[in-house]
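Asker: The structure follows.
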């Protein structure tokens, strides 16, 4: 899950990020970098501007937004594929039912013919 740096630092380290202007000493006291770079595009930014993945991977807001959109699009595509598979499965079972009905009719016809032959 992608989180803002503020949320990530609070949830993972229990450290609350100050509001407004943050002094360099706060970063040093909490062993946090002031400047980070996006692992996707390489852009550098102040830590508070970063978006951080659960595993600690850092992204700029633009790349993070693109990743979330890609994940959303992939989820939609997967749901579509799942729907298509379920639809195909229903078609197969319908066809199996039709073939079983046809096979039953053929067995019945074969039985009638055998009975007629044996009756002679």
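Residue numbers (the working numbering): 1110 to 1229.
Ideal Cβ positions, reconstructed from N, Cα and C, are used throughout, including at glycine.
Please read all numbers here as calculations on a predicted model, not as lab measurements.
Is the segment 1154-1168 in contact with the segment 1183-1200, if contact means three or more CB pairs nearer than 8 Å?
Answerer: The segment 1154-1168, when compared against the segment 1183-1200, does not touch it at the 8 Å Cβ threshold.
Asker: Short check: CB of residue 1148 to CB of residue 1117, under 8 Å?
Answerer: Their beta carbons are not under 8 Å apart, which means residue 1148 does not touch residue 1117 by this criterion.
Asker: For residue 1155, which residues does DSSP report across the bridge?
Answerer: In the DSSP output, where bridge partners are listed per residue, residue 1155 has 1144.
Asker: Please report the Cβ distance between residue 1126 and residue 1119, rounded to the nearest whole angstrom; I am assuming they are in contact, meaning their Cβ atoms lie under 8 Å.
Answerer: Residue 1126 to residue 1119, Cβ: 7 Å. Contact.
Asker: Assign residue 1156 to one of two classes, buried (16 or more other C-beta atoms within 10 Å of its C-beta) or exposed (fewer than that).
Answerer: Looking at its Cβ environment, which holds 16 or more other Cβ atoms inside 10 Å, residue 1156 is buried.
Asker: May I ask which residues mark the beginning and end of the alpha helix (DSSP H) holding residue 1122?
Answerer: Its alpha helix (DSSP H) spans residues 1114-1122.
Asker: Less than 8 Å between the beta carbons of residue 1133 and residue 1122, yes or no?
Answerer: Contact flag unset, no.
Asker: From residue 1221 to residue 1200, what distance separates their C-alpha atoms?
Answerer: Near 32 Å, if we compare the C-alpha coordinates of residue 1200 and residue 1221.
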